[in-house]
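Just so we're aligned, residue 579 is where the sequence shown starts under this note's numbering, counting upward by one.
Even for Gly, the Cβ is constructed at its ideal location relative to N, Cα and C.
The structure displayed is predicted, hence computed values, not measured ones.
For reference, the structure discussed in these notes is given below.
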Amino acid sequence: MVTLQEVQFMPPIYLDHAATTPLDRRVREAMEPYLTDVFGNPSSIHRQGQQARMAVDGSRETVAWMLGAAATEIVFTGGGTEADNAAIYGVAWANRDRGRHIVTSAIEHEAVLEASAYLESQHDFEVSRVMPGSEGIVSVADIEAALRPDTVLVSVMYANNEIGTIQPVGDIGLLCRSRGVLFHVDAVQAVGTIPVDVGRDTIDLLSLSAHKFYGPKGVGALYVRSGIHWWPSQLGGGQERRRRSGTENVAGIVGMAKALSLACESMDETSTRIVELRNHLIEAACSAVPEIGLNGDPDRRLPGNANLRFPGVQGESMVTALDTLGIMVSTGSACASGSVEPSHVLRALGDSNAEARSAVRVTIGRQNTREEVDSAVRSIVEVYRRLRDSGVARPGMLQPVAASR
Ligand code: PLP
579 MVTLQEVQFM PPIYLDHAAT TPLDRRVREA MEPYLTDVFG NPSSIHRQGQ
629 QARMAVDGSR ETVAWMLGAA ATEIVFTGGG TEADNAAIYG VAWANRDRGR
679 HIVTSAIEHE AVLEASAYLE SQHDFEVSRV MPGSEGIVSV ADIEAALRPD
729 TVLVSVMYAN NEIGTIQPVG DIGLLCRSRG VLFHVDAVQA VGTIPVDVGR
779 DTIDLLSLSA HKFYGPKGVG ALYVRSGIHW WPSQLGGGQE RRRRSGTENV
829 AGIVGMAKAL SLACESMDET STRIVELRNH LIEAACSAVP EIGLNGDPDR
879 RLPGNANLRF PGVQGESMVT ALDTLGIMVS TGSACASGSV EPSHVLRALG
929 DSNAEARSAV RVTIGRQNTR EEVDSAVRSI VEVYRRLRDS GVARPGMLQP
979 VAASR
């Protein structure tokens, strides 16, 4: 065993990549000229402005190419939440005379859940929230059963941010197209991690966010299929072809495009390596303590996601105790952690409140090594045993577990 003092000098292990990823050095280098030398407003007609305009338009081409879209279908936003809100409000306002019914799933991110709940409580919309199966997958048949003649939008996420399960978006897309219903996909956790193609998956609107794939925070995009009935929510100077007013975040947009092309370039190789690490982590933790289990489908999940349950112990206590040992994990979505509310995702899978509070989300990223995963597993197992046996969360009592680095 090492002492607490020694632990402070150990490099920390970051295993919370679903919350956010570090900025890739190559992305920062690509952004730098647009923070200093090329500072013009892309709407200005002088050369400074035009250089910035070229950078924004070039980035738009890149992002569109990576998604199988046309450049004119990409609207840059201030992140995933804005893209989700813009998709939902934009379809709702533009189609409200046709119908006021929205279908979504019970395990969506708050950006989708809250926007649709707002339409329901303030604007006479009705929202059907389809429950997933116990493995965290939404069935196409259940989506179909929820459709009504007045349904104007279906919004189902590509991959879940807490348990990492991948939804059958291609089949849902076909269903929606055949019924003339618009289909929005929150692909914030999927883009840059698994292959996403708006044409193959028959998607009408898709949200993404740069900070989930080693790009900068506060920048994202909404894909809006050409010709669909959708209205912008943010009005003003008419930027983004009048679809999202506001001076463009030039450096952020350049960084997002660079980050996305880097992520797509090495996607196969990165994901094979990360899947191996994740499977090793799950296997090692579950075989060390048989009570530890995996939440969500074991196969149809994002490469780096291991959402583990620790019966009898609060996830928050595990996260806090692990942090004192330099291991950074989470209980679920970044927005929900810090609150004592049980995860709405795990509740929808059928967990009791206590079960839904006992989860820890470990999300592996590009830089993690086998040694780090081994070290994290040892700490996770040790912390769990101690918390479970003591019956309360007392991280001060914990003896750090030596990391083999
Ligand atoms: N949707 C999902 C599935 C997410 O995981 C997140 C962020 O965690 C968001 C939307 C919100 O994205 P942003 O942080 O860029 O606002």
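Original post:
Of all the options 891, 757 and 816, which has the alpha carbon lying nearest to the alpha carbon of residue 654?
Top reply: 816
**OP:** Evaluate contact between the region 834-849 and the region 805-824, counting only Cβ atoms and requiring at least three cross-stretch pairs below 8 Å.
**Re:** no
Original post:
Under the DSSP definition of a beta bridge, which residues are partnered with residue 595?
Top reply: None; residue 595 has no bridge partner.
Original post:
Under the criterion of a Cβ to heavy atom distance below 8 Å, does residue 745 qualify as lining the ligand PLP?
Top reply: no
Original post:
How would you write the range of the beta strand (DSSP E) that residue 887 sits in, first residue to last?
Top reply: 883-887
**OP:** For the ligand PLP, enumerate in chain order all residues having a CB closer than 5 Å to any of its heavy atoms.
**Re:** 657, 658, 659, 687, 689, 739, 764, 766, 767 and 787
Original post:
DSSP on residue 930, reduced to helix/strand/coil?
Top reply: coil
**OP:** Could you tell me whether the region 733-750 touches the region 882-899, using the rule of 3 or more Cβ pairs below 8 Å?
**Re:** yes
Original post:
If you draw a straight line from the alpha carbon of residue 868 to that of residue 963, how long is it in whole angstroms?
Top reply: 11 Å
Original post:
Looking at C-alpha atoms only, which residue of 927, 756, 784 and 739 is the closest neighbour of residue 644?
Top reply: 784
Original post:
Looking at residue 910 and residue 928, is the spacing between their C-beta atoms short of 9 Å?
Top reply: no
Subject >> Local conformation of residue 601 per DSSP, three classes >> reply: coil
**OP:** Rank 804, 826 and 780 by C-alpha distance to the C-alpha of residue 797 and give the top, closest one.
**Re:** 826
Subject >> Whole-angstrom distance between residue 786 and residue 708, CA atom to CA atom >> reply: 22 Å
**OP:** Can you have a look at residue 904 and say buried or exposed, based on whether 16 or more other CB atoms are within 10 angstroms of its CB?
**Re:** buried
**OP:** Over the uninterrupted alpha helix (DSSP H) stretch that includes residue 639, give me the two end residues.
**Re:** 625-645
Original post:
Cα-Cα, which of 735, 728 and 876 is closest to residue 718?
Top reply: 735
**OP:** In angstroms with no decimal places, state the Cα-to-Cα distance between residue 600 and residue 943.
**Re:** 10 Å
Original post:
Would you call the CB atoms of residue 777 and residue 834 closer than 9 Å?
Top reply: no
Original post:
Which whole runs of the alpha helix (DSSP H) in the region 785-852 are 4 residues long or more, in chain order?
Top reply: 817-820 and 828-843
Original post:
To which residues does DSSP link residue 871 through a beta bridge?
Top reply: 887
Subject >> Nearest residue (CA-CA) to residue 759, options 823, 854, 721 and 630 >> reply: 721
Subject >> heavy atom of the ligand SAM below 8 Å from residue 888 C-beta >> reply: Of the ligands this structure carries, namely the ligand PLP, none is the ligand SAM.
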